[in-house]
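Quick notes on the structure that follows.
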Amino acid sequence: MNKKKISIGPKLYITLCFIFFYLPIAVTMFFSFNSSKSLTKFTGFSLKWYKKLLTDNDIIAAVYVSISIAVIATIISTVLGTITAIGLSRSRKILREWLLNVNNMPIMNPDIVTAIGLMILFTSMRLERGYLTMLLAHIAFCTPYVITSVYPKVRSMDHNLANVAMDLGATPFQALTKVIIPMLKPGIFAGMLLAFTMSLDDFVVSYFVTGNGVSNISIVVYNMTKRTNPTINALSTLLILVVVLILVGVNVIPALAKKRHKKVEMSASHNSPLKKIGVAVATVGVLAVAVFCGARFSAISSKPVLRVYNSGEYMDTSLIEDFQKEYNCKVVYETFDSNETMYTKLQSGAEYDVIIPSDYMIERLISEDYLQPIDWKLITNKDKIIPKLLKNDFDPDNKYTVPYYWGTVGILYDKTVVDENDLKEGWNILRNKKYSGQIYMYDSERDSFMVALKDLGYSMNTRNKDELKQAYNWLIEQNNTMKPVYVGDDVMDNMISGNKAMAVVYSGDGSYVINENDNMGFFVPDQGSNVWTDGMVITKKCKNTKLAHQFIDYFLSYDVAEQNTDYIGYDSAVKSVYEYFKNDAYAGNPGCGPDTSNPKNEVFKDQPQDIKAYSSSLWTKVKSH
1 MNKKKISIGP KLYITLCFIF FYLPIAVTMF FSFNSSKSLT KFTGFSLKWY
51 KKLLTDNDII AAVYVSISIA VIATIISTVL GTITAIGLSR SRKILREWLL
101 NVNNMPIMNP DIVTAIGLMI LFTSMRLERG YLTMLLAHIA FCTPYVITSV
151 YPKVRSMDHN LANVAMDLGA TPFQALTKVI IPMLKPGIFA GMLLAFTMSL
201 DDFVVSYFVT GNGVSNISIV VYNMTKRTNP TINALSTLLI LVVVLILVGV
251 NVIPALAKKR HKKVEMSASH NSPLKKIGVA VATVGVLAVA VFCGARFSAI
301 SSKPVLRVYN SGEYMDTSLI EDFQKEYNCK VVYETFDSNE TMYTKLQSGA
351 EYDVIIPSDY MIERLISEDY LQPIDWKLIT NKDKIIPKLL KNDFDPDNKY
401 TVPYYWGTVG ILYDKTVVDE NDLKEGWNIL RNKKYSGQIY MYDSERDSFM
451 VALKDLGYSM NTRNKDELKQ AYNWLIEQNN TMKPVYVGDD VMDNMISGNK
501 AMAVVYSGDG SYVINENDNM GFFVPDQGSN VWTDGMVITK KCKNTKLAHQ
551 FIDYFLSYDV AEQNTDYIGY DSAVKSVYEY FKNDAYAGNP GCGPDTSNPK
601 NEVFKDQPQD IKAYSSSLWT KVKSH
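Taking UniProt numbering, the leading residue of the sequence shown gets 1, the next gets one more, and so forth.
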């Protein structure tokens, strides 16, 4: 009996491990065939997300960038790492130990530290960020892993064999290639595979060192997560299948070759026809990728170039293609994940022509002299803008800002669960114990503190530390009694599926969820909320101001604004487009649209550094509570 228990235990353990590791992959592949946008609710079989994936130029370009950089970086880092490992083995002990410790630094460093350091390095060297800087960065962080893999093999090798080979007439190069390298093959292959994997998977370093519209798969997927986008599942499924095919090929082909060839022929593997074919195919593949990338990213276009920097999933990129055709130009379009990331890149010296930040960040950019005034004579569609959006505190005279999209923050609720009478509590409904464990809070310092401050009757732009401390206590008490879940953009799919009773969301996201789930409602509490405005601004470093104004004006035209609004789901600054979608999207739920009539509504203002630091320290405590 005891023996049976011992044998069943490990099997069960292994089974549970396999389920834990591979069930998420299976779920991802399953939902890639979903007919709806939902990432949690299967509504029917469809291949439309694969069709969309294969026609998406941005994703196809990202695949080429990822594969080509991974291949080139792997080859170069493997050569550099192997040579360095061999050289270290013959160095003095003090120098060897010092260099090995230095080599461990990039491995142990957090990725964000390496990313910021490389970004500053490239900026100080005045290297234009793009394909080359991403490649150099990948070589830099892959090489230490190769050294770490190869060096132990070098240490265990008998160095006298190389000397014997040269005594027998071999040249130093022949001794290296015929004696040393074959003995180091296991370590070299391990380092090569590790370097390729690290390069293909990297996001953080690539995100900070790239530019000129060059993105790898990780960056594209990250930007796609800003909105519910099932194309991610299709892309992930294809990548998984490619990996499976490679693993099958690596394991099955040698097994088949063993059966077909005699042991003697297999021992002379360098003469194996199968191996020659594999090497030839790999060489041709690498050359083809290199040629394609060279043609794609190194060619200098004679067309005028406009560099646009925008939040992820915040513009229909097909409209950019139409703009390029109409104005015979090239638009280099890049995205950021937050206003703070955008600001960091600008501080590091990155150059853009048009950027689309939020109100408080525009105020900061104006105060720090990053922007140039708008020439309103070139904005022919100015009269189409909602008049209220041309009167704001962050840019009182609209000297620098052309409104892009706007909205507010409110509470999305399930009408089948939440009592309509409880809505009278306003923001305090988020502390109603009746809905404990049924609340999503937006994972944002500004928006979370706004909710608490408004419920307490304070301004969300307060500079009073006592009021901020009270808001902190409000959030801590809510955490203790309500057990809220802090989420990001995945809140939309969760609310479409009805996973919680309430969620703090932006008005545009609220309208999107309501369109997908009729049981949902949206309201903005009477205590007031954040009415935000994102604007299009032109930097002082803009190299083509006329084209920049044409781009801004283009997105204010009715047809373009209508298509763009339909794509991103937020409220347009173009009055006629806003009214059209308000009547359509908010039908039966008029409180869902942004409203500036409530005097308690506010616009976020840029805060002094000491208040920012204090708020950040309180937010860290809230999240760690």
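Backbone N, C-alpha and C define an ideal beta-carbon position, used for all residues, glycine too.
**Request:** Pick out whichever of Met482, Tyr554 and Tyr64 has its Cα sitting closest to the Cα of Asn428.
**Result:** Of Met482, Tyr554 and Tyr64, the residue nearest in Cα terms is Met482.
**Prompt:** Near Glu351, which residues of its chain fall below 6 angstroms by C-beta distance, leaving aside the five closest residues on each side in sequence?
**Reply:** Lys541
**Prompt:** When DSSP labels each residue in this structure, what does Ser572 get in the three-state scheme?
**Reply:** strand
**Message:** With H, G and I counted as helix, E and B as strand and the rest as coil, what does DSSP make of Thr84?
**Reply:** In the displayed model, Thr84 falls within a helix according to three-state DSSP.
**Message:** On a Cα-Cα basis, can you pick out the residue from Ile385, Pro608 and Ser358 that is closest to residue 626?
**Reply:** Absent from the structure is residue 626, since the part of the chain shown begins at 1 and ends at 625.
**Message:** Report the start-end ranges of each beta strand (DSSP E) in the segment 301-389 that is 3 residues or longer and not cut off at the edges.
**Reply:** 305-311 and 330-336
**Asked** Taking Cβ to Cβ, would you say Phe203 is nearer than 9 angstroms to Met119?
**Response** No, the Cβ-Cβ distance between Phe203 and Met119 is not below 9 angstroms.
**Cβ-Cβ distance between Leu200 and Ile67 below 9 angstroms** = yes
**Asked** Ends of the alpha helix (DSSP H) at Tyr145?
**Response** Segment Tyr131 to Ser156, the alpha helix (DSSP H) holding Tyr145.
**Prompt:** Quick one: Cα of Thr15 to Cα of Thr237, how far?
**Reply:** 23 angstroms
**Request:** Check each candidate in Asp397, Thr148 and Leu136 and name the one with the smallest Cα separation from Glu97.
**Result:** Thr148
**Request:** Can you tell me which of the three DSSP states Phe522 falls into?
**Result:** strand
**Prompt:** Between Asp202 and chain C, is there a C-beta pair that is closer than 9 angstroms?
**Reply:** Reference to chain C is not applicable here, since this structure consists of a single protein chain.
**Prompt:** Is the Cβ-Cβ distance between Ser89 and Leu99 less than 9 angstroms?
**Reply:** Contact flag unset, no.
**Message:** Under 8 angstroms: do the segment 380-391 and the segment 566-576 share three or more Cβ pairs, one atom per stretch?
**Reply:** Taking one beta carbon from each stretch, the segment 380-391 and the segment 566-576 have 3 or more pairs nearer than 8 angstroms; the two touch.
**Request:** Quickly, what does DSSP pair Phe45 with across the bridge? List them, please.
**Result:** Asn34
**Request:** Could you tell me whether the segment 474-493 touches the segment 526-538, where touching means 3 or more Cβ pairs closer than 8 angstroms?
**Result:** no
**Prompt:** Would a C-beta distance cut-off of 9 angstroms place Ile411 and Val485 closer than the cut-off?
**Reply:** no
**Message:** In whole angstroms, give me the CA-to-CA distance for Asp111 and Pro10.
**Reply:** 36 angstroms
**Request:** Compute the Euclidean distance between the alpha carbons of Asn251 and Ser215, then round it to the nearest angstrom.
**Result:** 32 angstroms
**Request:** Report yes if the CB atom of Asn544 is closer than 9 angstroms to the CB atom of Val305, and no otherwise.
**Result:** yes
**Asked** How is the alpha helix (DSSP H) around Leu200 delimited, first residue to last?
**Response** Ile181 to Asp201
**Message:** I'd like the list of long-range same chain contacts for Gly593, defined as Cβ closer than 7 angstroms, with 5 residues on each side in sequence excluded.
**Reply:** Caution is warranted here: a pLDDT of 49 is assigned to Gly593, below 50, making its placement in the model unreliable, and the coordinate value is therefore given only provisionally. Counting only residues of its own chain and dropping the five nearest sequence neighbours on each side, Gly593 has a CB closer than 7 angstroms to the CB of Ser507, Asp571, Lys582 and Tyr586.
**Message:** On the criterion of 16 or more Cβ atoms from any shown chain inside 10 Å, does Asp167 qualify as buried, or is it exposed?
**Reply:** Around the Cβ of Asp167, a 10 Å sphere holds fewer than 16 other Cβ atoms; the residue is exposed.
**Asked** Would a C-beta distance cut-off of 9 angstroms place Ile356 and Asn310 closer than the cut-off?
**Response** If you check the CB distance, Ile356 and Asn310 come in under 9 angstroms.
**Nearest-angstrom Cβ-Cβ length linking Tyr442 and Val504, presumed shorter than 8 angstroms** = 5 angstroms
**Message:** By the DSSP assignment, the alpha helix (DSSP H) with Ile429 in it spans what residues?
**Reply:** Element bounds for Ile429: n/a, residue is neither H nor E.
**Cβ separation of Glu128 and Gly211, assumed to be a contact under 8 angstroms, to the nearest whole Å** = 7 angstroms
**Message:** Residues in the same chain with beta-carbon distance under 8 angstroms from Leu95, minus the five sequence neighbours each way, listed in chain order, please.
**Reply:** none
**Exposure of Asn233, with buried meaning 16 or more beta-carbon neighbours within 10 Å** = Result: buried.
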